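Start counting the sequence shown at 0; every next residue gets the next number (numbering that gives the first Met the number 0). Note that beta-carbon positions come from the ideal geometry of N, C-alpha and C, so glycine has one too. Bear in mind that the values here come from a model prediction, so they are computed numbers and not experimental data.
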Amino acid sequence: MNKIRGIKLLGIGIVLVIIQSFLQQYDTFREIYSTYVGYLVPVIYAFFITIFLEPIVTIIEKKLKIRRILAVLLTIFLVFVLVGIFIGIIAPQVIESIKDLYGKLPAMQGRLEKYAGELIEYLKRKGLLLMGDDEIKASITKFIKENMKYLQDFGISVLWNIVWWGIALTKFFIGFFLAFLILIDKEYFVRFINNIFSIIFEREKAKSIMVFLGESREVLLKFVWGRIIVSTAVGIITFLVMFLSGTPYALLSGIMIGVGNMIPYIGSIIAGAIAVLLVGLAEPFKLIFLGLAILIAQTVDGWVIGPKIVSETVGMGTFWVVVAVLIGGSLFGPVGMFFGVPAFGILKLVYIKLLNKRGDSN
Numbered sequence: 000m001n002k003i004r005g006i007k008l009l010g011i012g013i014v015l016v017i018i019q020s021f022l023q024q025y026d027t028f029r030e031i032y033s034t035y036v037g038y039l040v041p042v043i044y045a046f047f048i049t050i051f052l053e054p055i056v057t058i059i060e061k062k063l064k065i066r067r068i069l070a071v072l073l074t075i076f077l078v079f080v081l082v083g084i085f086i087g088i089i090a091p092q093v094i095e096s097i098k099d100l101y102g103k104l105p106a107m108q109g110r111l112e113k114y115a116g117e118l119i120e121y122l123k124r125k126g127l128l129l130m131g132d133d134e135i136k137a138s139i140t141k142f143i144k145e146n147m148k149y150l151q152d153f154g155i156s157v158l159w160n161i162v163w164w165g166i167a168l169t170k171f172f173i174g175f176f177l178a179f180l181i182l183i184d185k186e187y188f189v190r191f192i193n194n195i196f197s198i199i200f201e202r203e204k205a206k207s208i209m210v211f212l213g214e215s216r217e218v219l220l221k222f223v224w225g226r227i228i229v230s231t232a233v234g235i236i237t238f239l240v241m242f243l244s245g246t247p248y249a250l251l252s253g254i255m256i257g258v259g260n261m262i263p264y265i266g267s268i269i270a271g272a273i274a275v276l277l278v279g280l281a282e283p284f285k286l287i288f289l290g291l292a293i294l295i296a297q298t299v300d301g302w303v304i305g306p307k308i309v310s311e312t313v314g315m316g317t318f319w320v321v322v323a324v325l326i327g328g329s330l331f332g333p334v335g336m337f338f339g340v341p342a343f344g345i346l347k348l349v350y351i352k353l354l355n356k357r358g359d360s361n
């Protein structure tokens with residue numbers, strides 16, 4: 000018993016030291032965290048791949064009545080087929096749209112400067128101009144050139160980071176291999192984790208932790224698959240409306256808005272703003288069709304598909320969803336913005352369990 004108590008105190012001490020380091024030396028902590036987590040990236044990939052593929056493996060194994068290893072291989076094969084279809088059909092069109100956009104940047108810059116000049120003249124006629132003409136034009140021109148340079152630098156960085164992408168893909172494939180090993184003998188790994196908790200905690204406590212991990216897994220799975228389904232529908236609707244109306248950058252905008260929709264509220268706003276900028280600079284009169292596409296897509300998301308698929312998975316109001324996205328994004332970037340919501344959903348599970356334990360739950 001004293002040994003178990005000592006292990007608990009050691010664990011609590013380590014957690015407190017980590018929290019203190021995070022609060023007092025945030026930059027140093029983040030640098031160290033990024034360095035060491037980089038070594039564990041394949042394992043982290045394997046963890047999430049296992050969670051997401053395990054339900055599919057189970058369905059295939061039961062429905063087709065085949066051995067586990069065959070079900071795992073078939074699942075991985077289907078995943079790579081879908082990825083191959085995306086790369087072979089959609090990716091070339093997206094790359095072509097990006098090349099077209101990159102070639103039109105100088106013309107777009109000139110158009111922006113023209114619009115800015117017209118706006119200045121309008122404000123001057125209305126007596127709303129509080130700065131000198133030359134000063135305003137110089138500031139706007141500088142702003143436009145700097146942002147266009149950022150776009151150009153982004154395009155160049157994408158082309159020149161092939162080595163980085165190669166390393167990332169290698170780690171991803173290693174993660175897939177580790178996930179394969181876990182999936183073909185998942186019972187062993189579940190027992191292993193259970194035994195670890197049984198060593199540290201009492202038997203009933205270890206059992207409660209395993210139940211909690213199962214519930215957390217359900218929250219994560221339902222949220223991720225729900226967002227994938229909803230975001231795919233949003234992206235397809237956006238693309239179809241823009242394509243049928245002849246709006247430029249239909250596929251690129253559809254993918255951006257679909258991917259952006261994976262991050263609740265904030266992602267959709269950012270992706271929509273980028274799409275508005277692209278279409279507005281290319282063919283301003285087609286903005287009405289882009290607006291219609293976004294309106295239809297978000298209506299389907301907010302009133303038809305979203306409530307049925309996503310709302311019940313984490314059970315949080317809009318306020319807490321936005322807070323989760325902001326906190327997750329500030330700590331871990333875009334990945335944190337996405338996983339912040341299910342993380343808060345899991346924290347809600349802890350909150351409810353503590354209330355139930357105290358007998359205060361309504």
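Would you mind sorting residue i into buried or exposed? The rule is 16 or more other CB atoms within 10 Å of its CB.
i, result
"Thr74", "buried"
"Asp99", "exposed"
"Arg357", "exposed"
"Asp300", "buried"
"Ala167", "exposed"
"Ala272", "exposed"
"Phe85", "exposed"
"Pro54", "exposed"
"Phe172", "exposed"
"Gly329", "As written in the sequence, residue 329 is Ser, which differs from the Gly given in the question. Classification for Ser329: exposed."
"Tyr121", "exposed"
"Asn361", "Confidence at Asn361 is low in this model, with a pLDDT of 48, below 50, so its placement is unreliable and no value can be given for it."
"Gly332", "exposed"
"Ile11", "exposed"
"Lys80", "Before going further, note that residue 80 is Val rather than Lys in the sequence given. When all chains shown are included, Val80 counts as exposed."
"Val82", "exposed"
"Arg124", "exposed"
"Ala106", "exposed"
"Arg202", "exposed"
"Gly225", "buried"
"Gly234", "buried"
"Ile293", "buried"
"Ile13", "exposed"
"Ile48", "buried"
"Ile59", "buried"
Residue range of the alpha helix (DSSP H) that residue i falls in?
i, result
"Ile368", "No answer is possible for residue 368: it lies beyond the span of the chain, which begins at 0 and ends at 361."
"Ile228", "Arg202 to Leu243"
"Leu39", "That residue, Leu39, is in no alpha helix (DSSP H); it is neither H nor E in DSSP."
"Gly266", "Ile265 to Ala281"
"Lys387", "For the chain, the structure presents residues 0 to 361; residue 387 sits outside this window and is missing."
"Phe284", "Looking at the DSSP string, Phe284 is not in any alpha helix (DSSP H), and its letter there is neither H nor E."
"Ile437", "What is shown of the chain runs 0 to 361, which leaves residue 437 out entirely."
"Ile97", "Ala90 to Gly102"
Determine whether the beta carbon atoms of residue i and residue j lie at a separation below 7 Å.
i, j, result
"Gly259", "Ser267", "yes"
"Ser244", "Ala274", "no"
"Met241", "Ala249", "yes"
"Leu280", "Arg110", "yes"
"Val71", "Phe179", "yes"
"Val218", "Pro341", "yes"
"Leu286", "Val278", "yes"
"Glu214", "Leu348", "yes"
"Phe196", "Ile208", "yes"
"Val410", "Pro263", "The first residue shown for the chain is 0 and the last is 361, placing residue 410 beyond what the model contains."
"Ile265", "Val324", "yes"
"Pro41", "Lys206", "no"
"Ala45", "Leu220", "no"
Could you tell me how far apart the beta carbons of residue i and residue j are, in whole angstroms, since I believe they sit closer than 8 Å?
i, j, result
"Leu182", "Leu52", "7 Å"
"Phe288", "Thr237", "About 10 Å; that fails the 8 Å criterion."
"Phe337", "Met255", "Incorrect: roughly 15 Å between the Cβ atoms, too far for contact."
"Ile326", "Gly339", "6 Å"
"Arg216", "Ile50", "6 Å"
Checklist entry - Hey, which unbroken runs of the alpha helix (DSSP H) at 4 residues or more fall wholly within the stretch 292 to 357? => result Within the stretch 292 to 357, the complete alpha helix (DSSP H) segments at least 4 residues long are 305 to 308, 310 to 313 and 317 to 357, listed from N- to C-terminus.
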